[in-house]
Amino acid sequence: MKRILIIEDDRFIADMYQAKLHAEGFLVDVASNGRSGLKQFDLNQPDLVLVDLMLPEINGVDVIRSMHARAGNRELPIIVFSNAYLGGMVQQAWEAGASQVLTKANCKPGQVLQAVKDALHVSSSPPPPGTAVDRPTESGAAFIPEISGLFFRNFPQMLVTLRQPMSVLGKSPQDASALQALCRTVHSIAANACLAGIDPLAQMATALESLLKLLWEKPERVTPSTVRSVGQAIKLFEDIAASPNDRVLKDPSTARVLVVDDDEFARHAVCSALEIVNLTVICADSPANALEELEQGHFDLIISDIEMPTADGYSLCTILRGVPTYEKIPIIFLSQHADSDHRKESFVRGGNDFISKPFLYMELAVKALSFVMHGTGDNRETVTPLASQGRRRQPADANCQIA
Amino acid sequence: MIAKQHIASAAEQPREPQNSSPVDMEIFLEIAGNEERMPEMAQRYSEQAREHLVKLQKAITAGIAADVKSLAHKVAGSSAMCGMNAMAVLLHELERMRHERQLADAARVFARVEREFARIEAFFANNLETTNAPAALAGIEETKS
Chain B
1063 MKRILIIEDD RFIADMYQAK LHAEGFLVDV ASNGRSGLKQ FDLNQPDLVL
1113 VDLMLPEING VDVIRSMHAR AGNRELPIIV FSNAYLGGMV QQAWEAGASQ
1163 VLTKANCKPG QVLQAVKDAL HVSSSPPPPG TAVDRPTESG AAFIPEISGL
1213 FFRNFPQMLV TLRQPMSVLG KSPQDASALQ ALCRTVHSIA ANACLAGIDP
1263 LAQMATALES LLKLLWEKPE RVTPSTVRSV GQAIKLFEDI AASPNDRVLK
1313 DPSTARVLVV DDDEFARHAV CSALEIVNLT VICADSPANA LEELEQGHFD
1363 LIISDIEMPT ADGYSLCTIL RGVPTYEKIP IIFLSQHADS DHRKESFVRG
1413 GNDFISKPFL YMELAVKALS FVMHGTGDNR ETVTPLASQG RRRQPADANC
1463 QIA
Chain V
279 MIAKQHIASA AEQPREPQNS SPVDMEIFLE IAGNEERMPE MAQRYSEQAR
329 EHLVKLQKAI TAGIAADVKS LAHKVAGSSA MCGMNAMAVL LHELERMRHE
379 RQLADAARVF ARVEREFARI EAFFANNLET TNAPAALAGI EETKS
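The following block contains the structure:
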């Protein structure tokens, strides 16, 4: 019987995979952090390891390195669970010797089981006698409703654990412990939402986790703006938890964002940031061109520079607030000036939010996702399918692309 | 109180950080997307900035404050997005000169902008393979004479 070691700090996920793999005829050991994972590895040499990259104490990359050092020449498949936006860490995992990297947000349990079987070159085995676990389907869809119910029961408690570190961050924005605590809880929300099949929420949590990880590693990048953006994302979670049955999250993949900036470097940066989270972006280099775009198709969010040569972003905002279709559309103002006067004025002039240049790509991505999913300017009945909208930004789009 | 005011005033003055890197490479790498695209991005920034700095110098010489403000704002924006923080700070100082009577000091600030731009060009020439620093500087030098 093949032996599998799961190293995963989220108890629910670890238990779920343990049960599913056991039902498939595997022997399964579970460790909740990198240190105990390595101990378990020495105690019962596994045939395959499933490891989460974001682990407490010793991260997944270091665990993989240590295991390869211990395994010597022995073939050891290591399957890694990763966040879709942690490209650098995934690269390190490959270099450390990972055999396969599975993105949590896109990976259903059935796919994980199949990856395990493929790596071990085994077909399905009969479950041990007395196992009460249902056989998974190919996609794992059979147990999604059950997990989804459990997720929404546990979600409010997860959010409670975010309050204390958020409160610390309000007073001490660069507090490493608070950033780490937030990162770990959001990591857990992302993984569980994914398992439960709540894909937009999983995407939002995954993006927020990436932002928090970046801030935790580089506390010098923490600003009042980044703390506010984190708070907005958590507020979205709280709204969802408060009325999970009423709230229909807008799928970000169907959202369109209009970017208005006369500076091509800024347009390029905003587009790059939003494309990290797969938002469809259309660019305009002036308010006049923005109005043309707005006449041609529906948008869910506008990100606009304030100072532009022919007309400013405030004028565009004033016009849109008088148009029924766009009177409530969220508008995020971009400015080179980070001071509170510019920030206050942007709100007075009708903006919903403000971010100063240069910004962290992941911060803008999280902020945009928060607004798009909240659907403040929602006009669902006017949203046509993405395919008929065309204009999904391609590399050749001269407005967005530099050079 | 006077001492405090003096410190605040000194802190607001744009510094010319000769010893620090003129380009925050973390930000520049982010906007370039990857290391391979950095030379291309550097060249694009240089060309655009050079073009606007030529116009900016003419506007200063002609004493047209509105043009000084808008051109300085434009280059400051690109510079900030590309991680050229000291350059952006100097240009913001020019941008604040909203009225003709405030332009008296503009030539002095512009000279500092030029020096900072030269530092950026030299940095790219030394750290990236394909930028053309001498040619980039020549554009501004020519307009001076």
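Top line first, the protein sequences correspond to chains B and V.
Residue numbering for the first sequence follows this note's numbering, starting at 1063 and increasing by one per position.
Residue numbering for the second sequence follows this note's numbering, starting at 279 and increasing by one per position.
Just so it is clear, CB atoms sit at the ideal spot from N, CA and C, and this is done for glycine as well.
Please read all numbers here as calculations on a predicted model, not as lab measurements.
What residues from chain B crowd round residue i, counting only those whose CB sits closer than 7 Å?
i        : result
V/Lys352 : Asp1325
V/Ser348 : Pro1371
V/Ser356 : Asp1325 and Phe1327
V/Ile305 : Pro1420
Taking residue i as the reference, give the member of the options with the closest Cα.
i         : options                                       : result
B/Val1322 : B/Ser1432, B/Val1248, B/Ile1302 and B/Ser1397 : B/Ser1397
V/Ala354  : B/Leu1224, B/Ile1120 and B/Met1370            : B/Met1370
V/Arg322  : V/Glu304, V/Glu399 and V/Asn405               : V/Glu399
B/Leu1110 : B/Ser1161, B/Gly1149, B/Pro1118 and B/Met1151 : B/Ser1161
B/Arg1132 : B/Lys1101, B/Asn1145, B/Pro1118 and B/Ile1120 : B/Lys1101
B/Asp1374 : B/His1360, B/Leu1115 and B/Gly1412            : B/Gly1412
B/Phe1361 : B/Asp1324, B/Thr1316, B/Leu1241 and B/Asp1403 : B/Thr1316
B/Tyr1388 : B/Lys1280, B/Glu1137, B/Ser1210 and B/Gly1359 : B/Gly1359
B/Pro1386 : B/Leu1356, B/His1404 and B/Val1152            : B/Leu1356
B/Phe1299 : B/Met1266, B/Glu1282 and B/Tyr1376            : B/Met1266
B/Asp1124 : B/Arg1097, B/Arg1136, B/Asn1145 and B/Asn1106 : B/Arg1097
B/Leu1239 : B/Lys1275, B/Ser1377, B/Asp1114 and B/Ile1417 : It should be pointed out that residue 1239 of chain B corresponds to Ser in this sequence rather than to Leu. Looking at the Cα atoms, B/Lys1275 is the closest of the given residues.
B/Leu1089 : B/Leu1270, B/Asn1106 and B/Leu1117            : B/Asn1106
B/Asp1261 : B/Gly1211, B/Cys1169 and B/Cys1345            : B/Cys1169
B/Val1174 : B/Pro1227, B/Asn1095, B/Leu1244 and B/Glu1086 : B/Glu1086
B/Leu1182 : B/Leu1138, B/Asp1324 and B/Phe1409            : B/Leu1138
Can residue i be considered in contact with the ligand NAP, in the sense that its beta carbon sits closer than 7 Å to one or more heavy atoms?
i         : result
B/Ser1094 : Among the components of this structure there are no ligands whatsoever, and the ligand NAP is therefore not found.
Under DSSP, the beta strand (DSSP E) around residue i begins and ends at which residues?
i         : result
B/Ile1260 : Neither: B/Ile1260 is in no beta strand (DSSP E) and is coded neither H nor E.
B/Asp1091 : Leu1089 to Ala1093
B/Ser1397 : Ile1393 to Ser1397
B/Ser1144 : Ile1140 to Ser1144
B/Ser1366 : Leu1363 to Asp1367
B/Leu1112 : Leu1110 to Asp1114
B/Cys1345 : Thr1342 to Ala1346
B/Ile1066 : Arg1065 to Ile1069
B/Val1434 : Careful: B/Val1434 lies outside any beta strand (DSSP E), inside the alpha helix (DSSP H) at Tyr1423 to His1436.
V/Arg322  : No beta strand (DSSP E) holds V/Arg322; the alpha helix (DSSP H) holding it covers Met316 to Ala340.
B/Thr1316 : Run containing B/Thr1316: none; DSSP gives neither H nor E here.
B/Leu1105 : That residue, B/Leu1105, is in no beta strand (DSSP E); its alpha helix (DSSP H) goes Gly1096 to Leu1105.
Against residue i, what residues of chain V qualify as contacts under a CB-to-CB distance less than 7 Å, listed in chain order?
i         : result
B/His1330 : Ile309
B/Tyr1423 : Glu308
B/Gln1173 : What B/Gln1173 touches in chain V: nothing, since even the nearest Cβ is about 29 Å away.
Within the continuous alpha helix (DSSP H) that includes residue i, where are the two ends?
i         : result
B/Ser1402 : Ser1402 to Val1410
B/Cys1333 : Glu1326 to Ile1338
B/Ser1418 : Premise fails: B/Ser1418 lies in the beta strand (DSSP E), Asp1415 to Ser1418, not in any alpha helix (DSSP H).
B/Gln1153 : Gly1149 to Ala1158
Strictly below 9 Å CB to CB, what residues from chain V border residue i?
i         : result
B/Lys1429 : In chain order: nothing, as chain V lies at least about 16 Å away.
B/Ser1334 : Glu308, Ile309 and Gly311
Whose Cβ in chain B lies nearer than 9 Å to the Cβ of residue i?
i        : result
V/Gly361 : Pro1420
Using C-beta distances below 8 Å, list every residue in its chain close to residue i, excluding the 5 sequence neighbours before and after it, in chain order.
i         : result
B/Pro1420 : Ala1331
B/Ala1430 : Val1319, Ala1335, Leu1336, Val1339, Leu1341, Leu1363, Ile1365 and Ile1394
B/Leu1448 : At B/Leu1448 the pLDDT is 22, less than 50, meaning the model places this residue with poor confidence; the figure from the coordinates comes in the next sentence. Only Ser1315, Thr1316, Thr1342 and Arg1454 meet the Cβ criterion.
B/Ala1155 : Leu1115, Gly1122, Val1123, Ile1126, Val1142, Ser1144 and Val1163
V/Glu304  : Gly361
V/Leu406  : Met316, Pro317 and Ala320
V/Gln380  : Ala343 and Arg374
What residues of chain V sit near residue i, judged by a beta carbon separation below 8 Å?
i         : result
B/Gln1398 : His351, Ala354, Gly355, Ala358, Ala366 and His370
Got a sec? Which residues, its chain only, sit under 6 Å from residue i by beta carbon, not counting five neighbours each side?
i         : result
B/Gly1159 : Ile1126 and His1130
V/Phe306  : Cys360 and Gly361
B/Ser1432 : Gln1294, Ala1295 and Leu1298
B/Leu1263 : Ala1255
Please go through the same chain and pick out, in chain order, the residues whose beta-carbon is closer than 7 Å to the beta-carbon of residue i, but skip the five residues on each side of it.
i         : result
B/Gln1242 : Trp1278
B/Ser1272 : Asn1145, Tyr1147, Leu1148 and Met1424
B/Val1514 : Past the boundaries of the shown model lies residue 1514 of chain B; chain B is included only from 1063 to 1465, so the question cannot be answered.
B/Thr1288 : Leu1277, Leu1422 and Glu1425
B/Asp1071 : Ser1094, Asn1095, Asp1114, Leu1117 and Pro1118
B/Pro1227 : Ala1240, Ala1243 and Leu1244
B/Val1248 : Ala1267, Leu1270, Glu1271 and Leu1274
At least 3 beta-carbon pairs within less than 8 Å: the region 1346 to 1354 of chain B vs the region 1368 to 1382 of chain B: In short, these stretches touch, since the Cβ pair count reaches three.
Cβ pair count under 8 Å reaching 3, the region 1218 to 1231 of chain B against the region 1290 to 1308 of chain B: At 8 Å Cβ cutoff, the stretches touch.
Touching by the beta-carbon criterion (3+ pairs, under 8 Å), the region 1211 to 1220 of chain B and the region 1246 to 1256 of chain B: With three or more CB-CB distances shorter than 8 Å, the region 1211 to 1220 of chain B counts as touching the region 1246 to 1256 of chain B.
Validate contact between the region 336 to 356 of chain V and the region 369 to 384 of chain V using beta carbons, cut 8 Å, 3 pairs: The region 336 to 356 of chain V is in contact with the region 369 to 384 of chain V.
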